[in-house]
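> Have a look at the structure that comes next, please.
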């Protein structure tokens, strides 16, 4: 008996939520695959690079709204970790990697039979805390001993890209910490613990007002391609393919470029 | 004479043992023994192991200096709100270590509550330093010491302390000559636990102290990064860490902790 009022609140809430999500697609241009809504797409499992967290979450919500009966579940993480999970048999329909090398790891073992499509590119940017307390102007400042510098470790894609740009600029960075992923680097900038760091442009954008970005010419030397592909043993290949199409569609491109990604 | 244990207990116990040990055995099975020498002789491995042992030992020292008095306070005095205090000091034990690292960063970081003054007045900044690793490890490991020592103090008979006091010993002398020796096995057991926890510390360390070879890159951090590129190396590093901890725990257990 006591649960009844709560149930009523719940159902009222879910009705509002339904109404809200129902409204959402009217803002977005009508997606091409809405015709497939006749056959509900069901559960779609997407393994995606951590740097796609914000954009893919948004795309997932839009996709679900456009395709009633579909449910997109994400597993965000470092691309290499995701590739390993896939290699160990993790069930997934779609894989979006932040680096071609990690996609190759998956294609080499026959887990992907289609040719992966590059859907976005990302480039590095110098990130400094608000107000730029270290007065960073370019890559040369990363060689200064008395500045606090955070970089990605070379083992992860952003670290490999950082290495390339430093080589191109002929600068030996004096890093104070080599972090395990780009978001960890960003955190150190956000908290003002470091004076400068190298992260992706999309990360600077996602951090909002706390972090300022400084572009530099050598960023062209290490443009990172993001490939996407449907997995060969996908439990829901049709769903995976539909979400991939949505990512590649005009509305998908709009969300991704608004987040700071370059078109391929 | 030992009785045969009832099957209802034996079965889940056996499953429990398997659950805890099979993953470790599985790792040993996957160990690339042929690459062992090559992977272990990499300079970064020695560096990381030395740093790990040094930081865990220093953290244990810090915990002993601060934790034993704290345990004594909790066990022997009647400070108001002792129950709450006891619960609070054990929080780091159950807190996700990453959360501990974030908390440390917000307090002791360059822009932190306390850290900004450390930086402005003394030019001391703990993140990205070996001292930062020690702080992170001590934060996570200290409750283990406090809990063990407090338990030992509660088990010790206070009448010896009372007798010593009646015979004219000062309170500090009583603590040093009577209390401490009587709970020494508990202190050592706590220190060993504390050291082992510090050695395996990952989340708080990487969040607060960062990762730089030779300065803050301890073994667990190296394992995590090695997993990104060379899983074989990660396994070898893990096995090394496992062997070191098991050997030390076993050696000390024989001597100090009687079953």
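Chains as they are written, first to last, in the UniProt record's numbering: chain G, 1 to 264; chain L, 1 to 259. Glycine included, each C-beta is placed from N, C-alpha and C at the ideal position.
Grouping DSSP H, G and I as helix and E and B as strand, with all else coil, what is residue 223/G?
coil
> Please look up how many angstroms separate the CB atoms of residue 79/G and residue 66/G, rounded, as I've assumed it's under 8 angstroms.
Actually they are not in contact, since the Cβ atoms of residue 79/G and residue 66/G sit about 27 angstroms apart, beyond 8 angstroms.
> Does the CB of residue 80/L have a neighbour CB from chain G at under 9 angstroms?
no
> If we define contact as Cβ-Cβ less than 9 angstroms, is residue 81/G a contact residue for chain L?
yes
> Provide the residue span of the alpha helix (DSSP H) that contains residue 139/L, from first to last.
130 to 155
> Give a yes or no on whether the minimum CB-CB distance between residue 151/L and chain G is below 9 angstroms.
It does not; no Cβ of chain G falls within 9 angstroms.
> Any contact between the region 43 to 54 of chain L and the region 207 to 223 of chain L? By contact I mean 3 or more CB pairs, one from each, below 8 angstroms.
yes
> Just checking my contact of residue 149/L with residue 68/L at CB under 8 angstroms: how many whole Å lie between their CB atoms?
6 angstroms
> Quick one: what's got a C-beta closer than 7 angstroms to residue 232/G's C-beta in the same chain, skipping five residues either side?
110, 111, 112 and 113
> Could you tell me whether the Cβ of residue 51/L comes closer than 9 angstroms to any Cβ of chain G?
no
> Excluding the 5 residues flanking residue 52/G on each side, which residues of the same chain have their C-beta closer than 8 angstroms to its C-beta?
76, 96, 98 and 226
> Between residue 255/G and residue 244/G, which are expected to be in contact by the criterion C-beta below 8 angstroms, what is the C-beta distance as a whole number of angstroms?
Contact flag wrong, Cβ pair sits at about 14 angstroms.
> Is there a Cβ from chain G that is less than 9 angstroms from the Cβ of residue 128/L?
yes
> Can you list, in chain order, the residues of the region 205 to 233 of chain L whose Cβ is nearer than 9 angstroms to any Cβ on chain G?
Residues 206, 207, 209, 210, 211, 212, 213, 215, 216, 217, 221, 224, 225, 226, 227, 228, 229, 230 and 231.
> So which residues of chain L does residue 176/G contact, with C-beta pairs closer than 7 angstroms?
Ordered by position in chain L, the residues that pass the 7 angstroms Cβ test against residue 176/G are 128, 210 and 212.
> Could you run through the region 134 to 161 of chain G and flag, in chain order, every residue whose CB is less than 8 angstroms away from some CB of chain L?
148, 150, 153, 155 and 156
> Can you tell which of 194/G, 139/G and 135/G has the C-alpha that lies nearest to the C-alpha of residue 126/G?
Residue 126/G has its Cα closest to that of 139/G, out of 194/G, 139/G and 135/G.
> Report the start-end ranges of each alpha helix (DSSP H) in the region 175 to 228 of chain G that is 4 residues or longer and not cut off at the edges.
The region 175 to 228 of chain G contains these whole alpha helix (DSSP H) runs: 182 to 190 and 201 to 207.
> At the 9 angstroms Cβ level, is residue 26/L part of the contact set with chain G, yes or no?
no
> Within 9 angstroms (strictly less), CB to CB, does residue 41/G reach chain L?
no
> Hey, residue 193/L and residue 141/L: beta-carbon distance below 9 angstroms or not?
In terms of Cβ geometry, residue 193/L and residue 141/L form a close pair [threshold 9 angstroms].
> Using a Cβ-Cβ cutoff of 8 angstroms, what residues of the region 97 to 114 of chain L are near chain G? List them in chain order.
Residues 105, 106, 109, 110 and 111.
> Taking 7 angstroms as the limit between beta carbons, can you name the residues of its chain near residue 115/G, skipping five residues before and five after?
none
> Does DSSP classify residue 245/G as helix, strand or coil?
helix
> Decide if the region 70 to 79 of chain L is in contact with the region 143 to 163 of chain L; the criterion is three or more beta carbon pairs, one per stretch, under 8 angstroms apart.
Segment contact: the region 70 to 79 of chain L against the region 143 to 163 of chain L, three or more CB-CB distances shorter than 8 angstroms; contact assigned.
> Determine the chain L residues that contact residue 86/G at a beta-carbon separation under 8 angstroms, and present them in chain order.
Here the premise fails: no neighbours, minimum Cβ distance about 14 angstroms.
> If you compare alpha carbons, which of 177/G, 82/G and 43/G is closest to residue 148/G?
177/G
> Once DSSP output is grouped into helix, strand and coil, what is the label at residue 121/G?
strand
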